[in-house]
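Here's the structure we're looking at; comments come further down.
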Amino acid sequence: MLKLATAGLLLSTLCSLAQEVPLRLAARALGATPLESDLRELCDGIGGRPTGSPASERAINWAAQKFREAGADTVRTESVDLPYLWLPVSAEASATAPERFSVRIAASPFTESTQGPIEAELVDAGKGTAVDFEKLGARAKGAIILVRSDEMKTLDDLFAEYLRNIPLYESARKAQVAAVLLESTRPRGLLYRHPFGMTSNVPMPAAIVSREHAERLLRLASQATVRLRLNIRNRTGGRFQSRNVIADIRGREKPEEIVLIGAHLDSWDLGTGSEDNGVNAVMVIDALRGFAAAHARPRRTVRFVLFTGEEYGMFGSEGYVNSHHAELDDHVAAVVFDSGSGRLSGFFLNGRDELRKPVNDALSVLAGFNANQHLPDGIDGTDNFDFALSGVPNLVGNQDPAPYLPDYHAESDTFERSNIREEKITEAVASTLLWSFAENPDRPALRQNRQQVEKLLKDTKLDEQMKALGQWEDFVNGKRGVSK
Ligand SMILES: [Zn+2]
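Per the working numbering, residue 22 is the first one in the sequence shown, and the count goes up by one each step.
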C-alpha cells in the first residue's frame, strides 16, 4: 500500500512539474502584459502597412526590435521576393449626369490606374455573371460597369465574393469595359480593399463603391443615362523585396527541431490592420516575451514568425517554406493565427485529424477555456497553406468571426475593434500548445510525403479551391509543395 501511495505521490509530483511551465506561461499571458500597448503602437503609431509601403518597413523594424526587447535568443529578418508592387495613391469618382454628386470608392488591389481622369457612361452589369454580360452586349464596351453585390454576412459570403471575381474579370476584359465598380457588400458607406484579380496584376481599373452610392447610381441608371468621372492613381512596380521577422527561443536538447507560430504583420491601408492581423502579430510577440520571462526552454526550438506579403497572396510564408526547404523535415508543426481577436474555440486541423489528440492533451491543463472544438477543414488563404502543401503538420486558430469579419480589410479595422480579453486567452492557449509540442519527446504528427499531401488535398476538397483560385498549377508543376 505504501509503495503504491508513494508511486502515486511521485506521479502527481511529476505531473505538476510537467504542467508547471505551461500554467506559468498561461497565467502570465492572462495578467498584465504589453499586448494592448503593443497593438496600440502598431495600429495608431504605424497604421495600415501594405507590403512595400514605408509603413510596412517601419512595422518590420518595430517588430524586430520588440522581439529583441522581449528576450529572444536570436532575431533576424529574412528577405522575401514579391512579384509586383501595388500601392494605392488616390481614388476619386463623381456622377456628372443626370445629377452631380461625389461617389466614394476604394481602388481594388492589383488593378490599374485610370491614367488621368476618365468619363464614361455607367452601366448596370447586374451580378456580373456571363448571362449579365450577354444581356449587356456591345453596351459594355468603353463603359464603366457597376456590379451589384449582396450584403456580406458570413465567411462563406466573403469567400463567394472572391470566387465571383475571377470569371467576372474575364468577362469584363472580353467586353472591353473602361473600368469596373463593385458595389460594397457592407452598408453605411463602408469601403474596403478587395483584390479583383487573385494571381497577378489586373490590366483594368477597378474599385469598390459605397453601397448607398451604388444603389443611388443604379436607381438613376434605370431611368436615365448616368455618366461617371473616375480618377484612380495607384503606384505599381515590378519585382521587389520585403522581409519576414523571425525570432527563436532555442531548444535545450534538439535546437534543430522547430515548432513554429506565425501571424502576418502586413495589412491593407484603409484601416490600421488591428483585427487583420495586428492583434495576432502582437500576440506572437508577447508569447515569445512569456517564454523568455519564464525561462521556459523546451526540448525543441520555438520559432516566432511575423510574415510579410500575406495580403498580396501569402508570399511571406511561401518564401519562408521555399528558403527553409532543406529544414522542413525538422519543422515539427506550424501554428498560424489570422482571424482577429474573436473567441478561440479550437483549431482547424487542415485535414490532419491525428493532430486532434496531441492538441487536446496539450490543452488539458487549460480545460476551462474550452479551446477543443477542432474542425477537420483545410484552410487556403493564410500562412499555414504552404506548410500544408509541404506536408508539415499545421494548425490555424479557429477564432470567432466577430469582430473580425464585419471590418475585414475595411476603414473600420482599427485598434478599438480588437477584444484584448479574448486575445489574452488565445495567447494562453497558443503558449501552452507551443510548450507541449516543443517539450514532448514525441512529435504531434509526422511530415507527409507527396502522395499523402495529394490525398489530403482531395479529401479536404482543397484541390477544388486551389483550381478556382489559380493555385493548382504551381502545385502540379512542383513550384509549391513537397516534391517526393
Ligand atoms: Zn489576414
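Every residue, glycine too, gets a C-beta built ideally from N, C-alpha and C. Computed from a predicted model, the values in this text were never measured in an experiment.
I want to check one thing, is the minimum distance from the CB of D359 to the heavy atoms of ligand 1 below 7 Å?
yes
Quick check on the DSSP output: the alpha helix (DSSP H) that includes R273 runs from which residue to which?
R273 -> no alpha helix (DSSP H), and no H or E assigned at all.
Provide the residue span of the beta strand (DSSP E) that contains E142, from first to last.
I139 to D145
Among D350, M335, G363 and T481, which one has its Cα closest to the Cα of L103?
M335
Assumed close pair R256, L108 - CB separation to whole angstroms, cut-off 8 Å:
4 Å
C-alpha gap between S344 and G330, whole angstroms:
15 Å
Length of the line joining the Cα atoms of L152 and I229:
According to the sequence as given, residue 152 is Val; it is not Leu. Each residue's Cα considered, the two are about 22 Å apart.
D401 Cβ short of 7 Å to ligand 1 heavy atom set
no
Measure the C-alpha to C-alpha separation of G259 and Y105 and round it to an integer number of angstroms.
4 Å
Any heavy atom of ligand 1 closer than 7 Å to the Cβ of E331?
yes
Is the distance from the Cβ of L286 to the Cβ of V300 below 8 Å?
no
Alpha carbon to alpha carbon, what distance is there between R438 and V42?
32 Å
Nonlocal neighbours in the same chain, by C-beta distance under 7 Å from R5, ignoring five residues either side:
An answer regarding residue 5 cannot be provided, because it is not within the stretch 22 to 505 covered by the chain.
Whole runs of the alpha helix (DSSP H) within the segment 188–244, excluding any shorter than 4 residues
232–242
Using CA coordinates, which residue listed in G149, S129, A383 and R264 is at the minimum distance from N82?
R264
With a floor of 4 residues, list each alpha helix (DSSP H) that falls wholly inside the segment 297–361, ordered by position along the chain.
300–314, 331–334 and 336–344
Please confirm whether L249 and L143 have their CB atoms less than 8 Å apart.
yes
Other residues of its chain near A308: CB distance less than 6 Å, five sequence neighbours each side excluded:
E448, A451 and S452
C-alpha distance - R501 paired with A355, whole-angstrom precision:
17 Å
Are the segment 479–490 and the segment 70–81 touching by the rule of at least three beta carbon pairs closer than 8 Å?
no
Can you find the residues in the same chain that come closer than 7 Å, C-beta to C-beta, to A91, ignoring five residues on each side of it along the sequence?
I306, L309, R310 and A313
With distances taken from CA atoms, which of L60, R237 and A141 is nearest F122?
R237
What are the boundary residues of the beta strand (DSSP E) that T98 is part of?
T95 to L103
Would you tell me roughly how many angstroms separate the C-alpha atoms of G66 and S58, rounded to the nearest one?
11 Å
At a cut of 8 Å, does the segment 165–182 reach the segment 194–211 through at least three beta carbon pairs?
yes
Do L327 and E114 have their beta-carbon atoms positioned less than 8 Å apart in this structure?
First, the residue type needs correcting, since residue 114 is Ala and not Glu in the sequence shown. Their beta carbons are not under 8 Å apart, which means A114 does not touch L327 by this criterion.
For E62, the nearest candidate out of F436, L454 and D495 (CA to CA):
F436
Can we count N415 as close to ligand 1, meaning its CB is less than 7 Å from some heavy atom?
no
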